[in-house]
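Below is one structure, written out as structure tokens, with a few remarks after it.
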Amino acid sequence: MQHNSHSVITRNEKETAYIGETLGKIIEPPMVIALKGSLGAGKTVFVRGAAKGLGVIEQVTSPTFVLLKNYRGRFPVYHFDYYRLYEADLEEAIGMGFEDYLPGDGIAFVEWAERLPSLIPTDFLEIFLELYFDNEGEKRRLTFVAHGYSATLAVKRLFSHLKLDTDRTLKL
Ligand SMILES: Nc1ncnc2c1ncn2[C@@H]1O[C@H](COP(=O)(O)OP(=O)(O)OP(=O)(O)O)[C@@H](O)[C@H]1O
Ligand SMILES: [Mg+2]
2 MQHNSHSVIT RNEKETAYIG ETLGKIIEPP MVIALKGSLG AGKTVFVRGA AKGLGVIEQV
62 TSPTFVLLKN YRGRFPVYHF DYYRLYEADL EEAIGMGFED YLPGDGIAFV EWAERLPSLI
122 PTDFLEIFLE LYFDNEGEKR RLTFVAHGYS ATLAVKRLFS HLKLDTDRTL KL
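Each residue of the sequence shown is one higher than the one before, starting from 2 at the first, in this note's numbering.
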């Protein structure tokens, strides 16, 4: 594990959404949040929670086919999904104005950010979501890696709000 990374284990969808919601409450713009993890890891679940914490009332749905969805909470919220994009699509994505939001005046969430790393700024919050199995069954490990000053601050604030057990799960 990298020295500047912080992990938490979630036992179900609700807990992942709760961590997203907590982040949404404390995050300040401009911020780009890159979500990395396999299909069904919980990226959209996390963003849905974060949007709630940011005061978005609208239903958040996966932007896989439209690539970008905009919401309005306390700040503008941009939800990208790079699943269908590759480095070769860089110019097209720039043509669609993606760069204006990375960062822009709000909070940008990018699912599958690893597909098009050139469109992620150097200051950003990286979140890895991994499937994790133990004797209780299927869980998720969420690992936060801060790149830059404001992301470091955000992670510090997030983890000061989370009550964790010694096994990195949320205290119930
Ligand atoms: N601990 C957990 N945290 C989040 N989701 C969980 C957890 N346990 C089970 N799930 C389930 O995993 C799925 C996560 O779906 P989600 O759409 O968020 O994945 P995703 O990472 O966005 O996938 P995709 O790459 O297809 O966009 C949901 O069906 C959810 O109920
Ligand atoms: Mg998704």
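Built from N, CA and C at the ideal position, the CB exists for glycine as well.
Note that this is a predicted model, so its numbers are computed, not measured.
For residue i, the three-state DSSP class (helix, strand or coil)
i: residue 23; result: helix
i: residue 72; result: strand
i: residue 9; result: strand
i: residue 164; result: coil
i: residue 35; result: strand
i: residue 171; result: strand
i: residue 30; result: coil
i: residue 77; result: strand
i: residue 14; result: helix
i: residue 54; result: helix
i: residue 96; result: helix
i: residue 153; result: helix
i: residue 89; result: helix
i: residue 118; result: helix
i: residue 46; result: helix
i: residue 40; result: coil
Beta-bridge partners of residue i, as assigned by DSSP
i: residue 82; result: 112
i: residue 102; result: DSSP output for residue 102 lists no bridge partner at all.
i: residue 133; result: 140
i: residue 146; result: 6, 127
Residue i: CB within 7 Å of a non-hydrogen atom of ligand 3
i: residue 41; result: Questions concerning ligand 3 fall outside what the structure shown contains, since the ligands it does hold are ligand 1 and ligand 2.
Beta-carbon proximity list for residue i, same chain, < 6 Å, skipping 5 on both sides
i: residue 69; result: 81
i: residue 39; result: none
i: residue 56; result: 74, 75
i: residue 102; result: 79, 109
i: residue 14; result: 46
i: residue 164; result: 172
Cβ separation of residue i and residue j, assumed to be a contact under 8 Å, to the nearest whole Å
i: residue 25; j: residue 141; result: Their Cβ separation, rounded to whole angstroms, is 18 Å, which puts residue 25 and residue 141 out of contact at 8 Å.
i: residue 54; j: residue 21; result: 7 Å
i: residue 46; j: residue 111; result: About 15 Å separates the two Cβ atoms, so there is no contact after all.
i: residue 115; j: residue 37; result: 5 Å
i: residue 77; j: residue 107; result: 3 Å
i: residue 9; j: residue 158; result: Going by Cβ atoms, the distance from residue 9 to residue 158 rounds to 14 Å, so no, they are not a contact pair.
Own chain partners of residue i with C-beta closer than 7 Å, once the 5 adjacent residues on each side are dropped
i: residue 113; result: 82, 83, 84
i: residue 6; result: 144, 145, 146
i: residue 88; result: 117, 119
Cutoff 8 Å; reference residue i; Cβ partners in own chain excluding five residues on either side
i: residue 124; result: 33, 104, 148, 149, 150, 151, 152
i: residue 137; result: 12
Can you list every residue whose CB sits closer than 7 Å to some heavy atom of ligand 2, going in chain order? 44, 45, 63, 65, 82, 112
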